[in-house]
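In the numbering used here, the protein residues as written are 3 to 346.
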Ligand code: SF4
Ligand code: SF4
């Protein structure tokens with residue numbers, strides 16, 4: 003893997019070179035929280051942030067997406083409007099890149115999804131390393147570092163960003179701005195090792211995932227699920243903010259008085275009361291306890307069986323976003339019988 007570095011003071015110049023070819027989206031601050039937004043000026047970008055409200059998943063499977071139109075006399079008309087948009091996400095954290103890699107397996111395997119795939123091809127990713135806060139447990143979920151899924155990856159060395167080149171697109175970006183990049187030195191390597199070690203030691207939240215599928219299997223009938231069902235509001239916030247939740251609903255919106263309409267898919271949540279409701283009125287997960295149990299089992303057990311790893315990357319968004327403070331780490335530790343073991 004090619005590794006170079008770029009002085010921080012030259013980042014705005016690098017961004018202006020990229021903007022000749024791509025629209026750049028990066029984390030922008032909004033009342034103390036962060037969201038990926040298109041940049042007007044590089045000065046709006048915040049590369050030091052804890053987490054964005056919604057994960058970058060929103061670019062690859064938008065919250066509301068028109069799949070195709072249907073028009074009288076024309077039949078089905080592809081909805082290409084936004085699919086071809088070429089942009090760069092600048093400043094994506096390792097856990098969020100890891101989450102996109104998980105979505106790659108979901109939407110690129112037996113459920114090949116052309117919408118996701120097209121966006122994946124058209125959207126470049128520049129990752130940036132981060133410092134964990136009290137809600138991050140990505141190290142426990144083995145998602146605090148990534149080896150793939152980015153075009154470039156930046157690590158803050160103080161005055162410069164060490165830059166890993168992950169793809170040929172990333173190499174093109176570096177070549178486009180070649181005078182801005184420099185070779186790394188022995189001192190940079192030492193600094194990188196120090197930064198890496200400091201990051202590992204900065205985690206205050208841990209969860210043990212070894213044998214977790216077995217623990218879940220054993221605790222299927224635990225009273226914890228009823229307790230959580232009593233607390234949960236079924237608001238679906240945990241699913242909406244999760245970088246790996248991918249349920250969606252498909253519906254036709256028909257233009258009244260015409261024979262035209264759109265087929266639209268929108269984000270859905272297994273916490274919603276109607277998620278498992280089928281024709282005839284049967285609801286396979288009528289109780290809130292069964293719905294919240296389903297979310298935990300799908301992430302921590304079902305995904306391990308199907309894809310070989312849990313689909314949680316430890317970003318902490320569901321902990322921050324739950325209005326009744328249901329905390330995934332506390333739930334796992336309670337199931338393990340280690341209620342107070344996690345917070346350092
Ligand atoms: S389950 Fe929670 S902590 Fe895990 S990836 Fe989803 S939002 Fe992040
Ligand atoms: S965010 Fe909390 S209250 Fe809302 S559905 Fe998820 S677990 Fe339930």
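We put the CB at the ideal spot given by N, CA and C, even for glycine.
Is any heavy atom of ligand 3 found at a distance shorter than 7 Å from the C-beta of residue 132?
The model on display carries ligand 1 and ligand 2 but not ligand 3.
CB-CB under 6 Å to residue 265, same chain, minus the five flanking residues each way: which ones, in chain order?
Start at 1 with the first residue of the chain shown, and residue 265 comes out as number 263. Closer than 6 Å at Cβ, skipping near neighbours: 69, 70 and 254.
Hey, would you say the C-beta of residue 328 is under 7 Å away from at least one heavy atom of ligand 2?
Counted from its first residue, the chain shown places residue 328 at position 326. Yes, since a heavy atom of ligand 2 falls inside the 7 Å radius drawn around the Cβ of residue 328.
Could you give the DSSP three-state label for residue 71: helix, strand or coil?
Position 69 of the chain shown, counted from the first residue, corresponds to residue 71. Strand, per DSSP.
Given a cut-off of 8 Å, decide if residue 242 and residue 271 are closer than it, judged by their beta-carbon atoms.
The residue labelled residue 271 in the question sits at position 269 within the chain shown. The residue labelled residue 242 in the question sits at position 240 within the chain shown. Yes, the Cβ-Cβ distance between residue 271 and residue 242 is below 8 Å.
In the DSSP assignment, the beta strand (DSSP E) including residue 40 goes from what residue to what residue?
Position 38 of the chain shown, counting from 1, holds the residue named residue 40. Element bounds for residue 40: 35 to 40.
Tell me residue 9's beta-bridge partners as DSSP assigns them.
In the chain shown, residue 9 corresponds to position 7, counting from 1. BP columns for residue 9 point to 162.
Following a CB-centred definition, is residue 187 positioned closer than 7 Å to any heavy atom of ligand 1?
Mapped onto the chain shown, residue 187 falls at position 185. No - ligand 1 has no heavy atom lying nearer than 7 Å to the Cβ of residue 187.
Within the present structure, is the beta-carbon of residue 239 separated from the nearest heavy atom of ligand 2 by less than 7 Å?
The count along the chain shown starts at 1 and reaches residue 239 at position 237. Correct: residue 239 has its Cβ closer than 7 Å to ligand 2.
Taking 6 Å as the limit between beta carbons, can you name the residues of its chain near residue 309, skipping five residues before and five after?
Counting from one through the chain shown, the residue named residue 309 turns up at place 307. Answer for residue 309: 107, listed in chain order.
Figure out for me which residue from 314, 258, 218 and 326 has the closest Cα to the Cα of residue 100.
By one-based count along the chain shown, residue 100 stands at place 98. Cα-wise, what sits closest to residue 100 is 314.
Between residue 301 and ligand 1, is there a pair consisting of the residue's CB and a ligand heavy atom that are separated by less than 7 Å?
For the purposes of this step, residue 301 is identified with residue 299 of the chain shown, where counting begins at 1. True, at least one ligand heavy atom lies under 7 Å from that Cβ.
So residue 92 and residue 47 are in contact, right, with Cβ under 8 Å, and what is the actual spacing, rounded?
Position 90 of the chain shown, counted from the start, is the residue given in the question as residue 92. Position 45 of the chain shown, counted from the start, is the residue given in the question as residue 47. Rounded, the Cβ-Cβ distance is 6 Å, consistent with contact.
Using DSSP bridges, identify the partner residues of residue 230.
Counting from 1 along the chain shown, the entry for residue 230 is found at position 228. Its beta-bridge partners do not exist; DSSP assigns none.
What distance in whole Å lies between the Cβ atoms of residue 207 and residue 136, which are believed to be in contact at a cut-off of 8 Å?
On the chain shown, position 134 is the one that residue 136 refers to. On the chain shown, position 205 is the one that residue 207 refers to. Correct: roughly 6 Å between the Cβ atoms.
Ignoring anything shorter than 4 residues or poking outside the region 143 to 225, list the alpha helix (DSSP H) runs there in chain order.
You should have 170 to 178, 188 to 203 and 214 to 220.
Considering only C-alpha positions, which residue in the set 223, 97, 117 and 169 is nearest to residue 83?
Start at 1 with the first residue of the chain shown, and residue 83 comes out as number 81. Of the listed residues, the one whose Cα sits closest to residue 83 is 117.
Should residue 102 be labelled buried (16 or more other beta-carbon atoms within 10 Å of its own) or exposed?
Start at 1 with the first residue of the chain shown, and residue 102 comes out as number 100. Burial call: buried.
So, residue 64 versus residue 98, is the Cβ gap smaller than 8 Å?
Translated into the one-based positions of the chain shown, residue 64 becomes position 62. Translated into the one-based positions of the chain shown, residue 98 becomes position 96. No. Outside cutoff.
Grab me the residues of residue 6's own chain with a C-beta within less than 6 Å of its C-beta, minus the 5 sequence neighbours each way, in chain order.
Within the chain shown, the letter at position 4 stands for residue 6. Once the five neighbours on either side are set aside, the close Cβ partners of residue 6 are 165 and 183.
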